[in-house]
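In what follows, a structure is listed as structure tokens, so that the remarks can point back to it.
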Amino acid sequence: MIPENYDPPAKLMSGRTILITGATDGIGKALSLKLSNYSCNLILLGRSTLKLEAIKKECADHVANVEVFKLDFMHAKGEDYQCLIDMIESKYASIDCLVHNAAILGELSPVDHYDIGLWQQVIHVNLTSTFILTKCLLPLLKIGKFPSITFTSSGVGIKGKAFWGAYSVSKFGIEGFAQILSEELKNSNIKVSTINPGATNTNMRAKAYPAEDKSLIKNPEDVLSAYLYLLSPEFSEPNGSRFSL
Ligand code: NAP
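Using the working numbering, you'd call the opening residue of the sequence shown number 1 and step up by one each time.
Right under this line is the structure:
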């Protein structure tokens with residue numbers, strides 16, 4: 001179980017090297033800003049140079065050492081991933097935490113109307129690129145300290161829901177991938193977990209539920225303590241644990 005309102009002691013987070021995808025908006029941005037208060041090394045990934053520069057600026061007054069890196073999962077090629085690996089190897093030698101957070105919703109549409117190209121894009125960004133990034137960074141995680149891989153899932157990754165199409169299928173895939181990886185890594189020091197943040201007030205949520213009263217759902221800041229626990233050396237739940245907030 002995740003301790004309520006978990007707030008890791010600063011010294012435990014000090015020096016931890018943490019990579020977050022989708023760090024430029026929503027939950028990923030809120031998490032990045034929160035972590036910038038700890039003296040850790042943050043590697044923030046996003047697809048927009050402007051938004052990456054903006055978050056780097058927002059973190060500038062804080063204590064973390066922040067590196068931003070542009071990687072658009074829709075279009076990234078092998079050499080782009082290699083650049084990321086080279087940067088991490090040269091600056092940090094290893095990483096301790098990998099947070100898979102970036103995702104796109106696609107469209108809410110019945111299957112017979114779902115655009116085939118969009119379906120492929122959603123599966124590629126949400127699932128295939130998660131596999132590629134994990135594969136690329138596993139060697140650097142294996143030499144990290146109290147290393148962890150955090151996958152972001154969704155309620156529709158456990159129970160299919162009409163019209164959620166490729167997004168729901170991609171999250172089922174994430175759940176399966178996390179199970180496979182946690183079994184493969186059961187004798188290693190890497191902790192694999194899956195977190196479903198639940199209904200949270202972000203652009204993605206607004207796109208899915210445009211008429212929703214936002215005052216009735218959580219803000220990104222409300223889910224962060226759970227993420228902090230998964231990223232801290234104190235995280236002690238069994239490998240392959242799933243959490244729903
Ligand atoms: P969000 O506000 O839409 O943020 C998504 C992030 O992913 C943004 O930083 C976005 O970049 C980035 N991203 C999108 N496409 C990308 C690409 N091709 N390459 C690289 N980065 C890309 O979404 P959120 O609500 O914070 O969602 C965060 C995670 O929580 C997702 O995995 C989502 O499925 C999950 N989740 C959310 C909810 C909810 O209610 N919000 C519920 C369950 C699960 P830009 O800043 O450039 O757009």
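Note that the Cβ used here is the ideal one computed from N, Cα and C, for glycine as well. Since this is a predicted model, take the numbers as computed values, not measurements.
- DSSP places V63 outside both helix and strand once states are collapsed to three, so it counts as coil.
- In the three-state scheme derived from DSSP, where H, G and I count as helix and E and B as strand, S109 is classed as coil.
- A Cβ-Cβ contact shorter than 7 Å links T24 with G46.
- Secondary structure in the segment 92–173: the alpha helix (DSSP H) runs of 4 residues or longer, each lying completely within the stretch, are 116–123 and 129–142 in chain order.
- The segment 234–241 makes contact with the segment 190–200, as at least three CB pairs between them are under 8 Å.
- With contact defined as three or more Cβ pairs closer than 8 Å, the segment 176–188 and the segment 117–126 are not in contact.
- Between C40 and A64 a beta carbon distance of about 5 Å is seen, short of the 8 Å cut, so the two are scored as contacting.
- At a cut-off of 6 Å, the beta-carbon of G106 does not count as near ligand 1: no heavy atom of the ligand is closer than that.
- The beta-bridge partner set that DSSP reports for N196 consists of S244.
- In this structure, DSSP gives L71 a state outside helix and strand, which the three-state scheme calls coil.
- The beta carbon of A166 sits closer than 6 Å to those of G106, W119, V122 and I123, all from its chain and outside the five residues before and after it, given in chain order.
- Bounds of the alpha helix (DSSP H) holding I27 are G26 to L35.
- Using a Cβ distance threshold of 7 Å, T150 and V68 do not count as a contacting pair.
- A contact between stretches requires three or more CB pairs, one per stretch, nearer than 8 Å, and the segment 170–179 meets this requirement with the segment 151–161.
- Per DSSP, the unbroken alpha helix (DSSP H) holding L224 starts and ends at L224 to L231.
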